[in-house]
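Offset between the sequence shown (1-based) and our numbering: plus 48.
In what follows, a structure is listed as structure tokens, so that the remarks can point back to it.
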Amino acid sequence: MSASVWVDGAQPYEVVVGPGLTTRVAQAVPEAAERVLIIHTAVLQREAEALRAVIADAGRTAVMAEVPDAEAGKTAEVLAFCWQVLGRSDFTRSDAIVGLGGGAVTDLAGFVAASWLRGVSVIQVPTTLQGMVDAAVGGKTGINTAEGKNLVGAFHEPASVWCDTDYLATQPRNDLLAGLAEVVKTGFIRDTEILGIVESATPALVAAPEAPPSPEVVGVLTDLIVRSVRVKADVVVADLKESHLREILNYGHTLGHAIEHVERYSWRHGAAVSVGMVFAAELAGLAGRLGEADVARHRSILGGLGLPVDYPGGRWDALLAAMRRDKKARGSMLRFVVLQGIGNPVRLDGPDPALLAAAYAAISR
Ligand SMILES: NC(=O)c1ccc[n+]([C@@H]2O[C@H](COP(=O)([O-])OP(=O)(O)OC[C@H]3O[C@@H](n4cnc5c(N)ncnc54)[C@H](O)[C@@H]3O)[C@@H](O)[C@H]2O)c1
Ligand SMILES: [Zn+2]
């Protein structure tokens with residue numbers, strides 16, 4: 049049983065969520081495509097090979113590009129390697145690319161597709177929770193440079209997205225829980241039912257971390273993926289008309305990105321965003337926008353998932369400097385998304401430095 053969410057826009061596309069989907073990806077390859085490039089990492093070698101076989105059975109020429117794992121794959125060198133493979137395989141405008149992997153691979157594959165011949169189709173097959181609920185949906189693609197993350201990129205929407213929940217069985221549990229931070233975020237900013245679902249499922253979500261998630265947990269995760277994708281789809285589509293709505297997806301990310309930077313990217317993204325959301329909640333509480341119980345709920349949900357909810361004191365100057373350099377800052381003015389009550393995100397531009405320092409004190413350990 050699979051569920052699907054449509055992302056509207058100039059070219060609406062489907063995000064399918066469910067078990068055993070990878071073999072269906074061959075059906076999603078555009079009619080006109082004679083060649084398909086599968087971009088993957090060594091971790092998913094076997095799955096990539098299975099995908100190659102079904103695509104070949106469907107009468108297309110499948111070409112493989114194995115790329116370095118995680119952020120090491122999001123570089124200009126790897127991008128050039130993919131272009132070389134495309135060039136040597138005579139890829140035309142009507143051929144297609146498949147990104148099979150976590151958010152790093154879908155970001156790279158999306159950018160390869162955006163740039164080759166000024167844009168060819170990309171089918172995304174995210175294999176991590178983070179990739180399913182966030183990276184593979186919405187059309188943002190890109191790579192890193194030596195100076196920073198995601199500095200080069202393009203908007204290029206996928207032709208379709210296949211969230212095969214079978215992949216969640218092999219994802220390390222800590223990575224999965226970090227991906228849940230992004231799910232909880234969509235609960236705080238829009239679909240507040242997500243919060244209750246996560247709260248009820250927390251004991252099962254954190255149980256037996258060495259074992260694959262139980263069928264019940266996979267069922268809950270499927271529901272949460274569909275809900276989160278729906279939120280992202282709604283926001284991304286509304287953003288096309290009402291600019292800046294997309295910023296609400298950045299809840300917890302202003303401080304989160306700064307923590308990632310200060311920690312030299314040794315933290316999981318979701319862990320940094322978790323602290324960032326608690327910080328944003330404290331900030332909203334201090335600004336009189338969010339009640340004490342709702343601030344406490346941030347700590348209990350995220351902490352319950354084993355995600356960090358505090359941060360060492362004494363690093364404010366470094367965090368502030370990192371936030372000012374963030375590409376989402378305008379000039380040196382800091383921008384935060386805060387909640388004016390759960391489910392109601394608003395923008396807070398250039399808050400009083402004393403308020404920021406007080407919110408930092410509240411999350412410091
Ligand atoms: N484009 C966007 O809108 C957007 C949004 C959020 C995040 N991102 C990007 O996504 C990336 C993070 O994504 P991520 O958290 O998926 O990290 P990742 O892609 O680096 O994957 C994390 C690790 O999990 C491994 N892995 C992947 N699938 C697996 C599976 N099924 N079983 C076992 N291991 C598996 C990978 O090999 C990797 O080592 C970042 O580069 C971030 O910038 C992009
Ligand atoms: Zn994020």
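Yeah, the Cβ is synthetic: ideal placement off N, Cα and C, and Gly gets one too.
Closer than 7 Å: residue i CB and nearest ligand 1 heavy atom
i: alanine 118; result: yes
i: alanine 406; result: no
i: phenylalanine 71; result: One point to set straight first is that residue 71 is threonine, not phenylalanine, in the sequence displayed. Result no, Cβ not under 7 Å from ligand 1.
i: glutamine 75; result: no
i: lysine 289; result: no
i: asparagine 198; result: yes
i: glutamine 178; result: yes
i: lysine 61; result: With the sequence shown as reference, residue 61 is identified as tyrosine, and lysine is not the correct amino acid for it. No, ligand 1 has no heavy atom inside 7 Å of this Cβ.
i: alanine 58; result: no
i: glycine 151; result: yes
i: glycine 186; result: yes
i: valine 284; result: no
i: aspartate 374; result: no
i: threonine 123; result: no
As assigned by DSSP and simplified to three states, the class of residue i
i: isoleucine 103; result: helix
i: tryptophan 315; result: coil
i: methionine 381; result: strand
i: asparagine 298; result: helix
i: alanine 342; result: Residue 342 is actually aspartate in this sequence, not alanine. The answer is helix: DSSP assigns aspartate 342 an H, G or I state.
i: aspartate 374; result: coil
i: serine 140; result: The amino acid occupying residue 140 in the given sequence is threonine; serine does not appear at that position. Threonine 140: coil per DSSP, three-state reduction.
i: valine 53; result: strand
i: isoleucine 390; result: coil
i: valine 185; result: coil
i: arginine 72; result: helix
i: leucine 353; result: coil
i: proline 401; result: helix
i: glutamine 172; result: strand
i: glycine 324; result: helix
i: valine 77; result: coil
Identity of the residue in the options nearest residue i by Cα
i: isoleucine 171; options: Val64, Gly362 and Ile296; result: Val64
i: phenylalanine 236; options: Ala328, Arg312 and Leu177; result: Ala328
i: alanine 411; options: Pro257, Pro393 and Arg363; result: The identity of residue 411 in the sequence shown is isoleucine, whereas the question assumes alanine. Closest by alpha carbon: Arg363.
i: threonine 213; options: Ile273, Tyr408 and Thr109; result: Ile273
i: histidine 204; options: Cys211, Leu165 and Asn222; result: Leu165
i: valine 385; options: Gly361, Asp400, Arg347 and Gly324; result: Gly324
i: glycine 57; options: Glu330, Gly304, Glu264 and Val284; result: Val284
i: leucine 148; options: Leu334, Lys197, Asn192 and Ser208; result: Ser208
i: asparagine 222; options: Pro67, Leu338, Gly352 and Gly167; result: Gly352
i: alanine 90; options: Val73, Ala124, Val153 and Tyr61; result: Val153
i: alanine 320; options: Ile307, Ala406, Ala96 and Leu85; result: Ile307
i: glutamate 82; options: Glu97, Glu62 and Thr109; result: Thr109
i: arginine 275; options: Gly167, Arg238 and Asp287; result: Arg238
i: histidine 88; options: Tyr61, Pro60 and Gly121; result: Gly121
i: tryptophan 194; options: Thr240, Gly300 and His309; result: This sequence places alanine at residue 194; tryptophan is not what is there. The residue with the shortest Cα to Cα distance from alanine 194 is His309.
Beta-carbon proximity check, residue i vs residue j, cutoff 8 Å
i: glycine 186; j: glycine 150; result: no
i: serine 50; j: leucine 69; result: yes
i: leucine 156; j: valine 115; result: yes
i: lysine 280; j: leucine 297; result: yes
i: alanine 217; j: proline 260; result: yes
i: isoleucine 414; j: serine 163; result: Here the chain covers residues 49 to 413 and nothing more, so residue 414 does not appear.
i: alanine 252; j: valine 232; result: no
i: glycine 318; j: leucine 355; result: yes
i: leucine 243; j: leucine 331; result: no
i: leucine 387; j: threonine 302; result: no
i: leucine 228; j: leucine 293; result: no
i: valine 277; j: glutamate 230; result: no
i: alanine 80; j: alanine 106; result: no
i: leucine 350; j: valine 357; result: yes
i: valine 326; j: glycine 333; result: no
i: phenylalanine 1; j: alanine 202; result: Only positions 49 to 413 of the chain appear in this structure, which leaves residue 1 out of reach.
i: proline 206; j: alanine 183; result: no
Residue i beta carbon near ligand 2 (any heavy atom closer than 7 Å)
i: histidine 301; result: yes
i: valine 321; result: yes
i: histidine 204; result: no
i: aspartate 182; result: yes
i: glutamate 230; result: yes
i: histidine 346; result: no
i: histidine 292; result: no
i: histidine 309; result: no
i: histidine 317; result: yes
Residue-chain proximity (residue i, chain D), Cβ-Cβ < 8 Å
i: alanine 113; result: Absence of chain D from the displayed structure is noted, only one protein chain being present.
In chain order, each alpha helix (DSSP H) run of at least 4 residues that lies wholly inside the segment 205-289 = 221-237, 241-254 and 263-289
Along the chain, which unbroken stretches of the alpha helix (DSSP H) at least 4 residues long are found entirely within the segment 87-131?
-> 93-105
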